[in-house]
Amino acid sequence: MNIKIPDSWLREYLKTNAKPHDIQRCLSLCGPSIERTEAINGDVVYDVEVTTNRVDSFSIYGMAREAAAILPEFGYKAELKPFKLPTISQKQQKLDINILDTKQYCRRIVAIKISHIRLGPSPQWLRTRLEKVGQRPLNNIIDITNYVMWETGHPCHAFDYDLLKNKTIIVREAKRGEHMVTLDNKRYALRGKELVFDDGKGNIIDLPGIMGTANTVITDQTKNVLLFVENSDPVHIRYGSMGLGIRTQAATINEKGPDPETAYTAIVRATSLATEITNGTIESKLFDMYPGKMQPATISVSHTKLTSHIGVAIEAKRISTILNKLGFSVKKSSKKEEHTYMVTPPSWRSTDITIPEDIVEEVARIYGYHNIPSRLPEGELPLIQADPEFRWEEEIKIRLRDWGYTELLTYSMISESQMDEFHLDKTSSYKIENPLSEEWVHMRPSLRPGFLSAMKENLSHANDLRVFELSKIYRFRKGDLPDEEDVLIVGLTENRFFEAKGLGEAILGLFGTPCALDAYGSVTREGEITLLELSVTKLVRDAKPIKKYTPIPKYPPVVEDLAFIVPDRFEIGPLILALKQAHPLVASITLLDVHEDTRTLHITYQNPEKNLTNEDVIPIREKLIRLAKDESGAILKSS
Amino acid sequence: MTNPAKRGFLLYNGENMTELVYLTDSYKKELTAKIISCEKKGNQWEIVLDKTIFYPEGGGQPSDKGEIIGKNGRVHVKHVRLRDDIVVHEASLDGTLAKGEAVECTIDWSLRYSNMRVHSAGHIVHEAVKLVAPQLTPIKAAHGSKPFIQYGGSLTIDKNFAIEKEANVIVEKNVPLILTVGDFSPMPDGGTQVKESQEVGPITITEIENTGDHVRVYYRIETAQKEAEVSAETLTAAQLTGILLDTQQDALQTINSSTLPADQLRLTVLGSKSNFAKDTRRITDVPPANRQSVGIVINQVKKTIEEALLRNSRFEVRNSKEGWIDVTMPGVKPPEGHLHIVTQAIMEITRIFERIGFTRVRHPEVDWDWYAFESLNMAKNHPARDEWETFFISSKGVKQIVLTPHTSNGQVREMEKGKLPIRMINIAKCYRRQIDVSHTPMFHQFEGLYVDKGVTIAHLKGVFDYFVKQFYGPNRTIRLRPFHFQFTEPSFEVDINCGICLGKGILPNGQKCRLCKEGWLEMAGSGMVHPVVLRNGGIDPEKYSGFAFGWGVERAYMMKNDTKLDDIRLIYSNDLRFLEQF
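Quick mapping for you: the protein sequence lines, in order, are chains A and B.
One point on numbering: in my numbering, the residue at position 154 of the first sequence is 154, and numbering is uninterrupted.
One point on numbering: in my numbering, the residue at position 538 of the second sequence is 1177, and numbering is uninterrupted.
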């Protein structure tokens, strides 16, 4: 979350000789990151990124506090000027609004009545400051609440006192189906369990910590106001804000649990500004209900742990100094032999600092990450077996690249209509509940839809494609995570069945598996595109990566070509397989030529023990010819 | 080397002494001497004279042969040697010889003269070697049928030409051979020498042979007979080699500076009228035994010139059968495919981490909410979850399924394997409900997890530093900034210094760098593994610590300086016109 901090406003609470660019550099290295600076009317405005755990520094004062701890480490003088809270002349009479929070949804509620205000535009200095931080000035009362939020870090609200006709505020959870209209005149139906203020008659008069409602908000007619600061349960704020989609600055702060101590600072600051600027008068005693005072836990952390996590030896004295500067109290433990610090964080860090590692961070960042040396790991190496699939994936990808194919990478999600088009089961798939676009709804159970659509898009500017993708598909498993299977898909334009098949066989060859292509995938045609799909996961499972040595034959082979006349719609595959197994001396059989009904086979006979003579080959040849005729009706072509 | 001359010109053996006439006059072919002793040893005679012109074997020079004739006998001297400091003529005897008898001695002059020339040639070669390779130390020499000089040290065999050239310069100068020959062997050394160097005739360095610490330089001179036979244009292999090399040099220069069309240029340097062709024809001038080595040189020179012509690109090949071909036409390329840039990035990242012991692992993309969020210290409805725009498969019920929005879902899964230490790199697809120039609903992350005893922030910095230097280049570096994640404590944002301005934020021309935020680019989230996460993975945070980080693969790749990729959506466009650029 980002906040704008004008340098002039910051220096109201920070006395330092550091220049704006020094502040930017030093804070970015050790604290909140000042992402950029902007010059506005002779002032510098910092754009600061504050991390979600550091709501305490999400304000002018919070930033001054950080700067005061960090800048001296870089040799600058820096001192935090504490809030000088004016003593406000409270009236003796108690606030005549009945505030009830029986379930203690709020850790603290402070309120005060200001009457006879003169509503109007704020003075120029205040307007300018709000403009610099990006807040549009409205009227003096609203501006004051915003100003206080920026300065102290605690959101602050103002009711039109006279609109609180029932003089009652009850803190409760909303019921499902209740309605309310926020101050920007939007009507909301509540989900239930949001924190609301009730006027005692069942009417919602505020969405506390998030946004005011139209029925109690400051209007042009407002004469008397009730300044109101509640520090409520962050979980409820988060729930209400996210559920209704109302993401105000107040909600962003309140859902992170600002320090209830600051609530007091905020109301006093608001009161003094209101009397000053609107000419109003304080009409009540300050109401302060504070059941949720935070008790920061004391954390014990040893010197060894601190330095061993950071990786550099830091003196004990330096550690104490750093922590003290950040507002932590540090005591040395007398019990333990080892040097141990008993560290208690200040109230504004009580939710953020809870474990020893948090103390490590505070010491390390102020000491300076840039002062910690760089070291490569020295420990023993893990003894683990590398996942063979990565190596295979690389092997396949590199081979395909070198065979002239280009890799695509499509989205894992496909559309509902793609699911339909490819007859994929929508009921047994992983469907995204909150898709970003209707293009990306189902986790794909097949690479085809996305891959083919990517190919088709390329066909508008290219006509000869050779592409592939090796990615996961998500196989459905009921009540469980998907089976993430790695699949290779290769696409070629036109009918290139044998090329695709050969490619598949070549890849199978790498894995050394004895099975045929259809055990791992298929070659198919989609219109003008030929596709090869192979399950890489299965191939890896069956892989036999170690090649076995067979002695190089000492004796020359006998090689001959036999041409057969084959019947119509003849399948040569099974015949080749059968002939290969027909005799141990048949070393290999390949299809040499195809012409009309003639198939020429190239046959190699080999005996590893001796030279083959024609006499040796004759009976084998006869067996092959007989087999071809008997098994598949292929007749030797007489020459 | 036994060197009789070191004791003067007389040898003493008791009362016997031999005057060594060959030392004072190596051209003396005949001499009258007196027999001091004549004894039969075995089946041959041993004769000792008061003075002799017979050279005994020594100093690398073979002994002389010849005749000794007395009144009643005739001796064929077969071999002469020094024994116990006297010169012994070993011979066969026809008739008888008497002690004290005066005899006429004649040496086989042609053998002697040839030996002298070989010997002198050896000294000349040595002088030449000293000029070419002064670092060598002479050890011994042999001037027999295959003469050589042996040195300590080594010599490249291509020095033969230089040595031969220097040696023949000495021969040509016709210097008197009363040479000072330094530390090799002082002159006279007991061997016989020709008077003038020209008498030696052309010297050929036949071979340079390196063996262990030694090198032998073999040489040869022309025999007197052959000298008469061969023509004036006789060339040694080394000479022709030298000529060819000169021609090659000239040809290369011609090619480099030529503006001729390719075919003419080729004719000029390799055609039948070229110097190269002329040189090649001169191979017939080289003794047949040495032509093979010259042939090798010819082929090499031709190859070198051909290569230079090819490099010169204005070259067109003439193919006698096919006729002309246009060599400027594009070549036939092998098929060219492309890996997706995400695959390329993943391969590179995997390699880099492998080298420091991080092994790639695989974890689900569609995962339980527990692994994606809850086990990472993010309870349901935690505000921190807002950072992840998550796709839900089923948000109802206890078992919620999400498309993992980060690779961190592998952290607790990896810990659950129960093996420590852990050095994991998990690279996988992630999904977030976002699409704009820097977001696509599907993208890739790589997650590093290191859990061991004593893991510190310094290790995290070390690994990051290592990675960016490997992936982006040696002058890139990182910095950590405080950040917050629920599953790490402390947490960091990792920045890398901008590759354009190298972290300065300002370009050399003084302008602000437009690529980066003040010199740094945000890269990744990281931190020390939160103790809750360690416990969820069954690891005791009191004993072990660790760090984790997660980076976007596409972003990491796009940030490489020269990709010029500015829209992540292009990466998933699947447009081949894009993919084929990588």
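For each residue, glycine too, the CB sits at the ideal point set by N, CA and C.
For residue i, which residues does DSSP report across the bridge?
| i | result |
| --- | --- |
| Asp288 of chain A | A:Val110 |
| Arg1120 of chain B | B:Glu1132 |
| His602 of chain A | A:Asp561 and A:Thr590 |
| Tyr474 of chain A | A:Glu484 |
| Asn231 of chain A | A:Arg108 |
| Ser453 of chain A | BP columns for Ser453 of chain A are empty, so no partner. |
Does residue i pass the burial test, meaning 16 or more other C-beta atoms within 10 Å, or should it be called exposed?
| i | result |
| --- | --- |
| Val839 of chain B | buried |
| Ala270 of chain A | buried |
| Glu362 of chain A | buried |
| Pro1180 of chain B | buried |
| Gln124 of chain A | exposed |
| Val1076 of chain B | exposed |
| Ser59 of chain A | buried |
| Leu447 of chain A | buried |
| Gln878 of chain B | buried |
Using the C-alpha atoms, what's the distance from residue j back to residue i?
| i | j | result |
| --- | --- | --- |
| Ala454 of chain A | Asn1213 of chain B | 6 Å |
| Gly709 of chain B | Ser665 of chain B | 23 Å |
| Lys193 of chain A | Thr340 of chain A | 45 Å |
| Thr87 of chain A | Ala263 of chain A | 16 Å |
| Glu73 of chain A | Ala364 of chain A | 12 Å |
| Ile620 of chain A | His602 of chain A | 14 Å |
| Lys580 of chain A | Lys554 of chain A | 21 Å |
| Leu659 of chain B | Phe787 of chain B | 26 Å |
| Ser896 of chain B | Leu883 of chain B | 20 Å |
| Gly120 of chain A | Leu10 of chain A | 27 Å |
| Ala68 of chain A | Ile366 of chain A | 11 Å |
| Arg921 of chain B | Val810 of chain B | 23 Å |
Taking a contact to mean a Cβ-Cβ separation below 8 Å, would you say residue i touches residue j in this structure?
| i | j | result |
| --- | --- | --- |
| Asn146 of chain A | Leu130 of chain A | yes |
| Leu27 of chain A | Ala78 of chain A | no |
| Gly1185 of chain B | Val1090 of chain B | yes |
| Gly712 of chain B | Cys744 of chain B | no |
| Ile34 of chain A | Phe287 of chain A | no |
| Leu183 of chain A | Thr213 of chain A | yes |
| Met1197 of chain B | Ile1207 of chain B | yes |
Spell out whether any CB of chain A is found under 8 Å from the CB atom of residue i.
| i | result |
| --- | --- |
| Glu866 of chain B | Because Glu866 of chain B sits at a pLDDT of 41, beneath the cut-off of 50, its placement in the model cannot be relied upon, and the point is left open. |
| Tyr857 of chain B | no |
| Arg1001 of chain B | yes |
| Val981 of chain B | yes |
| Ile995 of chain B | yes |
| Ala1011 of chain B | no |
| Glu961 of chain B | The predicted model places Glu961 of chain B with a pLDDT of 49, which falls under 50 and marks its position as unreliable; any figure quoted below should be read in that light. No, Glu961 of chain B does not count as interfacial toward chain A. |
| Phe823 of chain B | Residue placement at Phe823 of chain B is flagged as unreliable, the pLDDT there being 39, under the threshold of 50; a coordinate-derived value is accordingly withheld. |
| Trp1190 of chain B | no |
| Tyr1105 of chain B | yes |
| Arg957 of chain B | Here the model assigns Arg957 of chain B a pLDDT of 46, short of 50, so the residue's position is not dependable and the matter cannot be decided. |
| Pro1060 of chain B | yes |
| Tyr1089 of chain B | yes |
How about residue i: is its C-beta nearer than 8 Å to some C-beta of chain B?
| i | result |
| --- | --- |
| Ile282 of chain A | no |
| Ala364 of chain A | yes |
| Asn231 of chain A | no |
| Leu119 of chain A | no |
| Phe564 of chain A | no |
| Glu407 of chain A | yes |
| Ser302 of chain A | no |
| Phe498 of chain A | no |
For residue i, verify whether its CB is less than 7 Å away from any heavy atom of the ligand ATP.
| i | result |
| --- | --- |
| Leu183 of chain A | Absence of the ligand ATP is noted for the structure shown, with no ligands found whatsoever. |
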